[in-house]
Amino acid sequence: MKRRTFLGTVAYGAVLASMGALPALFARLLAPLSPAMAAVHLLRPPGALKDDDAFVGACIGCGNCAEVCPPRCIMFHKSDGRSEVNTPYINPAIKACILCMKCMDVCPTDALTRIGLEEIDMGVAQIDRSACYPWVDRGVCGACAAVCPLGSKGIDFAFANMYRPVVQSGCVGCGLCVEVCPHPSLPIRILDSSKRRERGDAGDIARSAAPERGLDFHGPAPEPGQGGGRQERDDGGWTPSSQGLLGY
27 MKRRTFLGTV AYGAVLASMG ALPALFARLL APLSPAMAAV HLLRPPGALK DDDAFVGACI
87 GCGNCAEVCP PRCIMFHKSD GRSEVNTPYI NPAIKACILC MKCMDVCPTD ALTRIGLEEI
147 DMGVAQIDRS ACYPWVDRGV CGACAAVCPL GSKGIDFAFA NMYRPVVQSG CVGCGLCVEV
207 CPHPSLPIRI LDSSKRRERG DAGDIARSAA PERGLDFHGP APEPGQGGGR QERDDGGWTP
267 SSQGLLGY
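First residue of the sequence shown? That's 27 in our numbering, and the numbers climb one at a time after it.
Here you go:
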């Protein structure tokens with residue numbers, strides 16, 4: 027067989043093979059979401075219209091937002107078969123938003139509108155203190171606080187020398203904390219911000235029950251002798267006494 031004939035045969039076979047793979051590729055794109063993915067709270071890009079129906083109606087699926095996104099965190103619904111198809115979302119467990127806000131500038135329909143950094147409302151982080159390494163005394167971490175674009179306005183530490191993260195009221199839900207969390211079960215997640223208002227506790231949001239220090243804690247308190255003094259509260263939370271703060 028001549029070399030040219032051989033190469034032509036190989037090329038023809040490659041074309042046929044690629045054509046044969048197309049049905050499988052499209053089937054993957056159009057398949058229903060896995061139960062695990064369906065359970066994840068997917069985020070809209072920053073600046074998205076808060077009424078999701080309005081957002082879906084305004085978005086034309088042009089892809090401009092994804093093209094300018096530096097971390098390539100913006101993906102598009104393609105497989106749920108509902109009205110959300112071809113609209114952008116972010117899964118922070120895979121790649122989170124860095125709040126560069128470039129996507130707002132290129133949206134042609136104002137489905138994403140230009141707003142200030144602290145006006146962004148993608149959700150609110152919540153920490154499961156029964157799994158977070160510092161909260162269960164399994165070492166120092168601090169990754170979530172280190173990466174937060176809002177700094178201490180988004181996540182701060184309960185005790186400066188214990189690195190126990192506490193979500194603050196300035197959290198905008200970008201999800202960077204989720205992306206960098208080293209715990210395999212991801213004890214930090216992003217909730218719809220309305221859930222915080224509905225629940226009224228948000229688990230780890232700092233409150234002003236201890237006005238002299240501005241500290242407030244929910245979840246299991248340290249056992250006597252392992253964390254200093256504490257003051258139990260009727261709502262199930264606890265506030266460290268000054269002796270407890272010094273004891274840490």
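Where a beta carbon is used, it is the ideal one built from N, C-alpha and C, also for glycine. None of these values were measured; they are calculated from a predicted model.
If you run the structure through DSSP and keep just helix, strand and coil, what is residue i?
| i | result |
| --- | --- |
| L69 | strand |
| L217 | strand |
| A74 | strand |
| F81 | helix |
| L202 | helix |
| D131 | helix |
| V166 | coil |
| L125 | coil |
| A151 | strand |
| L212 | coil |
| P160 | helix |
| L176 | coil |
| V111 | coil |
Who are the near neighbours of residue i in its chain, counting only those whose CB is closer than 7 Å to its CB and skipping five residues on each side?
| i | result |
| --- | --- |
| C170 | I181, P191, C203, V206, C207 and I214 |
| A137 | A74, L75, F81, A84 and C85 |
| V173 | L202, C203 and V206 |
| K179 | Q194 and G196 |
| C99 | I116, K121, A122 and C123 |
So does residue i have its beta carbon nearer than 7 Å to some heavy atom of the ligand ZN?
| i | result |
| --- | --- |
| G196 | Within the structure as shown, the ligand ZN is missing, as the structure has no ligands at all. |
By Cβ distance below 6 Å, which residues in the same chain neighbour residue i in space, the five residues on each side in sequence not counted?
| i | result |
| --- | --- |
| D218 | G149 |
| G168 | Y189 |
| I141 | G73 |
| D78 | none |
What is the C-beta distance between residue i and residue j, in whole angstroms, given that I count them as a contact (C-beta under 8 Å)?
| i | j | result |
| --- | --- | --- |
| S211 | A157 | 6 Å |
| I216 | L125 | I216 to L125, Cβ: 13 Å. No contact. |
| I146 | V198 | 4 Å |
| N117 | M127 | Between M127 and N117 the Cβ distance is about 19 Å, and since that is not below 8 Å, they are no contact. |
| E144 | G177 | So it is not a contact: roughly 12 Å between Cβ atoms. |
| P71 | C91 | 6 Å |
Keeping to the same chain, check which residues put their C-beta closer than 8 Å to that of residue i; ignore five residues upstream and five downstream.
| i | result |
| --- | --- |
| E93 | V132 |
| H209 | A157, C158 and Y159 |
| G165 | Y159 |
| V162 | R155 and S156 |
| F183 | G168, A171, Y189, R190, P191 and V192 |
According to the Cβ coordinates, are residue i and residue j closer than 8 Å?
| i | j | result |
| --- | --- | --- |
| G73 | T139 | yes |
| C123 | C200 | yes |
| K121 | P97 | yes |
Would a check of beta-carbon distances place residue i closer than 8 Å to chain C?
| i | result |
| --- | --- |
| R190 | Absent from the structure is chain C; it holds one protein chain and no more. |
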